[in-house]
Amino acid sequence: MDDPSSPSHKPSWLERLTHFLLREPENRGELVEILHSAFERHLLDADALGMIEGVLNVGDMQVRDVMVPRSQMDVIDISQPPSAFIPFVIETAHSRFPVIDGNKDHVLGILLAKDLLRYYANDEDFDVRDMLRPAVFIPEAKRLNVLLKDFRNNRNHMAIVVDEYGGVAGLVTIEDVMEQIVGDIEDEYDYDETEDNIIVDRRGYWRVKGLTEIADLNEEIGSTFSDAEFDTVAGLVTQHFGHVPKRGEAVEFDGFRFQIVRADSRRVHSVLIEKREAVAEEESS
Numbered sequence: 012m013d014d015p016s017s018p019s020h021k022p023s024w025l026e027r028l029t030h031f032l033l034r035e036p037e038n039r040g041e042l043v044e045i046l047h048s049a050f051e052r053h054l055l056d057a058d059a060l061g062m063i064e065g066v067l068n069v070g071d072m073q074v075r076d077v078m079v080p081r082s083q084m085d086v087i088d089i090s091q092p093p094s095a096f097i098p099f100v101i102e103t104a105h106s107r108f109p110v111i112d113g114n115k116d117h118v119l120g121i122l123l124a125k126d127l128l129r130y131y132a133n134d135e136d137f138d139v140r141d142m143l144r145p146a147v148f149i150p151e152a153k154r155l156n157v158l159l160k161d162f163r164n165n166r167n168h169m170a171i172v173v174d175e176y177g178g179v180a181g182l183v184t185i186e187d188v189m190e191q192i193v194g195d196i197e198d199e200y201d202y203d204e205t206e207d208n209i210i211v212d213r214r215g216y217w218r219v220k221g222l223t224e225i226a227d228l229n230e231e232i233g234s235t236f237s238d239a240e241f242d243t244v245a246g247l248v249t250q251h252f253g254h255v256p257k258r259g260e261a262v263e264f265d266g267f268r269f270q271i272v273r274a275d276s277r278r279v280h281s282v283l284i285e286k287r288e289a290v291a292e293e294e295s296s
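Encoded structure:
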């Protein structure tokens, strides 16, 4: 039998896991250190590590850290007829909309986009007011872990955020909270924060952080993108989409293809860039 005390003995995965579990952390920093050590020894995969860290961070964050600010809220004014606001509903593609009366400080309730199907059924009694769900109002300082529990218990998916004076400061959805847990999971496209902003993969594509300066990108990949309107790659890409893109979306311009690798509801975190000029030349030859 293999002697555990022998220098040639290689600990099994069970022995290694037991070692880490028996090492009791004394603070949050030590716990994170143990988790990273477990990841480096393949006891946790990148997805599990990312989600555990996300859960730990949610306990420290407040609603104001993740909310959609008042100026960026997509709302419906009760004074508009359905024929006027339904194209807006289709364009923005949200599942829920705050309904206001004149200004964003006067929220009447929440309209579910699916409830608008009655409008197309030629319902003579169609009235948006009758379809509104009660709006939930929460303070900016509410902890995200508490909010997530409330969302789950009350089956709400959206809350209106108010400031200390009672005015509407923004809104937050259950997706905004969940993104803090799963939005930054490491995968094959991610790279360490201490590494360069631009990395070339095996196919010759560039993996680029959203906060990379456009001037630095031009120097690295030989492009000539203008930085007159935006300083960063995230701003440049978002401009061409016309909205904050989601993971997997792609857009082509100026001979390059940009695919979103990581993004949340407010900004682009990283993109994959492919030069398309060479492809076009091969197809035409």
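Numbering (the numbering used here), first residue to last: 12 to 296. By construction, the Cβ of each residue, glycine as well, lies at the ideal position given by its N, Cα and C atoms.
- In the three-state reduction of the DSSP assignment, E37 falls in the coil class.
- With 16 or more neighbouring CB atoms inside 10 Å of its own CB, P109 falls in the buried class.
- Excluding five sequence positions before and after L46, the CB atoms of its chain that fall closer than 8 Å to its own CB belong to L55, L60, I63 and E64, given in chain order.
- The region 69 to 80 makes contact with the region 142 to 162, as at least three CB pairs between them are under 8 Å.
- A residue is called buried once 16 or more other Cβ atoms fall within 10 Å of its Cβ, and V69 is buried on that count.
- DSSP, read as helix, strand or coil, puts L182 in strand.
- With a 10 Å radius around the Cβ and a threshold of 16 neighbouring Cβ atoms, F264 comes out exposed.
- At the C-beta level, E224 and T243 come within 8 Å of one another.
- Judged by DSSP secondary structure, K115 falls within the beta strand (DSSP E) whose first and last residues are N114 to L123.
- According to the DSSP assignment, V172 belongs to the beta strand (DSSP E) that extends over M169 to V173.
- Taking 8 Å as the cut-off, the beta carbon of L119 is found no closer than this to the beta carbon of R144.
- Sorting R268, H254, A239 and R287 by C-alpha distance to the C-alpha of A274 places H254 at the top.
- Rounded to whole angstroms, V86 and T235 show a C-alpha spacing of 38 Å.
- When the alpha-carbon of R278 is set against those of R140, M78, L67 and A132, the nearest one is in M78.
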